[in-house]
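Q: Residue numbers (the working numbering), protein chains in the order written: chain W, 1271 to 1865; chain E, 96 to 299; chain P, 48 to 328.
Before I ask anything, let me first share the structure, which is written out below as structure tokens.
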């Protein structure tokens, strides 16, 4: 190997030693990733608790809420209609922006991107640090919103105007939440800029685009969408804040509109131009991660790697032109509606390709099922179910009946919540040994999986069922309607499933906390995985990740190759592993870094 | 001294000005950052177009008209500011870094003048009875968009002031003046957005 | 699924029962049973129901194939199985993958697309026929927090005049007749939802939307009206009732109500004059 072309690592700063610089204000992407993880897990629990309250209300309408009733003292321990609005609003906002985003994107994006592409850190480590603390500011703002007069936001996570203006929701709570959304958007954009630039500029020699792990592809495309479309949400949030604080009328119409007022539908356009890419933002990391994890445990290359890449790219590109399917019933021009319907149906094709590839990867593999693989397969399962339920919503004729019913809620929970939830755990269990240098308890992991996948499927199928029967979204008391009264038992059963889902997170909490602090030491590469964070970095990796930076000589899933077996006796070869003659060799001229 | 990096691109041998890899990375980050802000302002402009298209008359009847002379003057102020900035950059590039700070300081001052003139504009319209909520979409667009732009201009003024101070301290050389270039991108972006606002809000 | 087919098949006796009840007693919406779609009393609801059910069948097939495929892979190709070195990127494999995707797309998505276009062009969003039909009943709906105001034009056929019939959460329509709604809102976005007619349309402040329904012959009875867009604290209680009457009964009611409306008209009550000139789309 020509040593003059081996990348010499640039000067490595010594690792900080004091607690503040090491754990609080670190610029190390691995530390920042864990910071995002802790905050994200906290808000996952918070948002989940809010969900349990919704389920309680539907199972036992008007009854005192056990345990959590202490927060509702003024109402005698019961959820009132006004509180209920805030509960479902904040459940949605918190889960999306303060739970899934920090876990999937803040944690896994930060952790895996530099390690998997062979970089020592992100392109902009200080920007990374700023993005975390900006995120913390936004978290403080939403928590603060719970304690102001008239309560926190109450217009649904979709924040439609005019309900979200002073006309519909007066008080500082909604305004604070609008600001919190803007601030977290800034944090997300900072992160997005970092990820996009890092993947373009800091790939190790030999790490061409088509040799990158699919996790990196998923996270990179997510970052591109973040940079492009979170600003549009920012614009909606800013204009709404101007309406609320300064009396402008961007979104105010009807009786309160002055000289024609503004346009509430404009808010929906701005919101969904962000909102639809956002759902892909929340799923692309999970898609990418399971596209890497499944090959590792099928001991077989990812089937048609390029197809998966192009499918994810296609979804990314199409994501912006399908947004109108959220607005079919706003009175839009039917021609425009048909256009959105067309694109929405088309975007199902790349998703089909992804499924075919995952299934084909497992087929004729040598599948083994430790917890990460279980969660990955579970993700495929729930996303398959959820994706199919979207077909009815993307089609105008069937959407007329199903729009704003619980069918929609079941659909997006299966695709967005369940798939992202299970996908996050797939990643967490998979990278746990690398991140923390310790082993988690496999039995507890399996218990966590089976409980989660079973009850998450039951809960969201329950939502689909009552939605199919016509139950609208966001009803404090569905049984006011005669045509819904018979659904009490269905809702109650679904709620029991939800409570059991919550209960099955306890094994995870125990397992996670115990293993982080007192788990047995982990090996460098317990999974016999092929990507370089496993083959070339310790568990956990040192401060500077790699020194020297490895040269990449093959793709990320060299598994089951008989040539490799002959040369090494193993069924796998690492991305940066030079094989004795008989295996794949690198070209003699290394590709310069950053090309 | 600087060394040219010669890159082969097929048959074409291209001269590429020397720029450290880190500088290209930083520039890419700034371009993405401006892309994000650009998307936000694009959303504002689309919103404006959307709202205007809905209404039969713009401005609505009985509403004080927006002037064009003061905004035109302001557009020229910002254009002049960007020009001064680039002249400052030119001095640095021509290895006359000590002569950059007057241009950069002038650019900052002109930026402040821009914000000052905006204040005059807002106060004037307010006095005429045009308040943020008094004329529906029309007043909302005027105040909302110009306020949000001004907020970005204020950040820019601090940035230009910062690079001017750095220039005074002799931090820049012909080979190394990354922050000067990056803040330049930002400042010209602010000016470009204003030009678009001037045309779309005050002229059309 | 089966339950729903039973329900769909048994709507006749159900409707007959409802008819009997409604002609005798006070107005009362009949509760639904089972976990399927609510009963459909509309002229065109069956179109979207058919499309939904057919798509169900396709989806069940696809999902089953996926589960079986995964299941076999999990059990038959487990740890003991020798993994096959297949990158799936040869021309043949790619062709198969693309073809499979194309077939699914054309069959499932294509079916949805073609039928949806047909359904909205010829039925749900086909307002030309309804507009030109002399028998069409026109109703303006003003949605507000948290009730549905309705306005019929009365004998003079013009809205916002003295003889308008004003209703509150209680709409009466004739069977077997197109009913054409125009929807507006004074405060926030609401959504006028008739589950038994498979009909829904948002009521947005600052604009007028429209939708139309038709109750089939012999579907007299009362049906829920719901709000399907979160509109504030009492969104859950924004319930109305739509009563389908025989044509004679409807006319009788309308005449009486028009007379009452004229009598009760108060020229000074500005809030009651929320109507608008019927919008030409």
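The beta-carbon is built from N, C-alpha and C at its ideal position, and this holds for glycine as well.
Which residues bound the beta strand (DSSP E) around residue 274(P)?
A: From DSSP, the beta strand (DSSP E) with residue 274(P) extends over 268–274.
Q: Would you decide whether residue 1382(W) is buried or exposed? Buried here means 16 or more other CB atoms lie within 10 Å of its CB.
A: Looking at its Cβ environment, which holds 16 or more other Cβ atoms inside 10 Å, residue 1382(W) is buried.
Q: Using the Cβ count rule (16 or more neighbours within 10 Å means buried), how would you classify residue 1548(W)?
A: Buried is the call here.
Q: Would you decide whether residue 193(E) is buried or exposed? Buried here means 16 or more other CB atoms lie within 10 Å of its CB.
A: Flag for residue 193(E) reads exposed.
Q: Scan the segment 1328–1416 of chain W and note each continuous alpha helix (DSSP H) run of 4 residues or more that stays entirely inside, going in chain order.
A: Here the runs fully enclosed are 1351–1363, 1380–1387, 1395–1415.
Q: Taking the C-alpha atoms as reference points, what is the distance between residue 1509(W) and residue 1643(W)?
A: Each residue's alpha carbon lies about 45 Å from the other.
Q: Taking the C-alpha atoms as reference points, what is the distance between residue 283(E) and residue 252(E)?
A: Distance between the alpha carbons of residue 283(E) and residue 252(E) is about 12 Å.
Q: Contact between the segment 1827–1846 of chain W and the segment 1489–1505 of chain W: three or more CB pairs below 8 Å?
A: Taking 8 Å as the limit for Cβ pairs, the verdict is that the segment 1489–1505 of chain W does not touch the segment 1827–1846 of chain W.
Q: Say whether chain P places a C-beta atom closer than 8 Å to the C-beta of residue 1823(W).
A: Chain P, which has no Cβ nearer than 8 Å to the Cβ of residue 1823(W), makes this no.
Q: Since residue 78(P) meets chain W, which of its residues come closer than 8 Å, beta carbon to beta carbon?
A: Per Cβ cutoff of 8 Å: 1752, 1753, 1755, 1756.
Q: If the cut is a Cβ gap below 9 Å, which residues of chain P does residue 1324(W) touch?
A: By Cβ distance, chain P contributes nothing, its closest Cβ being about 13 Å from residue 1324(W), past 9 Å.
Q: Taking one C-beta from the segment 1524–1540 of chain W and one from the segment 1595–1604 of chain W each time, how about it: are there three or more such pairs within less than 8 Å?
A: Short answer: they touch.
Q: Give a yes or no on whether the C-beta atoms belonging to residue 1647(W) and residue 1617(W) are separated by under 8 Å.
A: No.
Q: Going by CA-CA distance only, name the one from 282(P), 141(P), 261(P), 166(P) that's closest to residue 1578(W).
A: The shortest Cα separation from residue 1578(W) among 282(P), 141(P), 261(P), 166(P) belongs to 141(P).
Q: Excluding the five sequence neighbours on either side, which residues of its own chain have a C-beta within less than 8 Å of the C-beta of residue 263(P), listed in chain order?
A: The answer, listed in chain order, is 88, 89, 90, 222, 223.
Q: Kindly indicate the opening and closing residues of the beta strand (DSSP E) around residue 256(P).
A: 256–261 is the span of the beta strand (DSSP E), which, as asked, contains residue 256(P).
Q: Have a look at 1546(W), 1786(W), 1802(W), 1808(W) and flag the residue whose alpha-carbon is nearest the alpha-carbon of residue 1794(W).
A: Comparing Cα positions, the closest option is 1808(W).
Q: Using the C-alpha atoms, what's the distance from residue 260(P) back to residue 68(P)?
A: Residue placement at residue 68(P) is poorly supported in this model, since its pLDDT is 44, which falls under 50; the coordinates are not used for a value here.
Q: May I have the straight-line CA-CA distance separating residue 1525(W) from residue 234(P), to the nearest angstrom?
A: Their Cα atoms are separated by approximately 6 Å.
Q: Verify whether the separation of the beta carbon atoms of residue 1690(W) and residue 1370(W) is less than 8 Å.
A: Taking 8 Å as the Cβ cut-off, residue 1690(W) and residue 1370(W) qualify as a contacting pair.
Q: Return the first residue and the last residue of the alpha helix (DSSP H) that residue 175(P) is part of.
A: Note, residue 175(P): alpha helix (DSSP H), 175–179.
Q: Quick one: residues in its chain with C-beta nearer than 7 Å to the C-beta of residue 289(E), no 5 flanking neighbours on either side, listed in chain order?
A: Result list for residue 289(E): 170, 173, 244, in chain order.
Q: Give every residue of the same chain whose Cβ lies closer than 6 Å to the Cβ of residue 1455(W), excluding the five residues on either side of it in the sequence, and list them in chain order.
A: Here the set comprises 1500, 1503, 1504.
Q: For a minimum of 4 consecutive residues, which ranges assigned as the alpha helix (DSSP H) are wholly contained in the segment 1609–1663 of chain W?
A: With a minimum length of 4 residues, the continuous alpha helix (DSSP H) runs that stay inside the segment 1609–1663 of chain W are 1618–1632.
Q: Could you tell me the alpha carbon to alpha carbon distance between residue 1481(W) and residue 1487(W), rounded to whole angstroms?
A: Computed Cα separation, rounded: 10 Å.
Q: What did DSSP end up calling residue 247(P) once you bin it into helix, strand or coil?
A: Note: residue 247(P) maps to strand in three-state DSSP.
Q: Does any residue of chain P have a CB that is nearer than 8 Å to the CB of residue 1562(W)?
A: With 8 Å as the cut-off, residue 1562(W) does not count as an interface residue toward chain P.
Q: What's the gap between the Cα of residue 1418(W) and the Cα of residue 145(E)?
A: Computed Cα separation, rounded: 35 Å.
Q: Who are the Cβ neighbours of residue 199(E) in its own chain at under 7 Å, not counting the five residues just before and after it?
A: Once the five neighbours on either side are set aside, the close Cβ partners of residue 199(E) are 180, 183, 255, 258, 259, 262.
Q: Here's a check: name, in chain order, each residue in its chain whose Cβ is nearer than 6 Å to the Cβ of residue 1361(W), leaving out the five neighbours to either side.
A: If we look at residue 1361(W) and ignore the five residues flanking it on each side, its Cβ neighbours are 1317, 1320, 1321.
Q: Using DSSP with H/G/I as helix, E/B as strand and the rest coil, what is residue 1675(W)?
A: DSSP places residue 1675(W) in strand when its eight states are reduced to three.
Q: Flag residue 1533(W) as yes if its beta-carbon sits less than 8 Å from any beta-carbon of chain P, otherwise no.
A: Closer than 8 Å to some Cβ of chain P, the Cβ of residue 1533(W) qualifies, so yes.
Q: Can you tell me whether residue 1358(W) is buried or exposed, with buried defined as 16 or more other CB within 10 angstroms of its CB?
A: Burial call: buried.
Q: Would residue 1686(W) and residue 1552(W) qualify as a contact pair, given that the criterion is a beta-carbon distance under 8 Å?
A: Taking 8 Å as the Cβ cut-off, residue 1686(W) and residue 1552(W) qualify as a contacting pair.
Q: Just to make sure I have the definition right: I need the residues of chain W whose C-beta is within less than 7 Å of the C-beta of residue 166(P). Which are they?
A: Result: 1667.
Q: Cα separation between residue 1389(W) and residue 1546(W)?
A: For residue 1389(W) and residue 1546(W), the distance between alpha carbons rounds to 32 Å.
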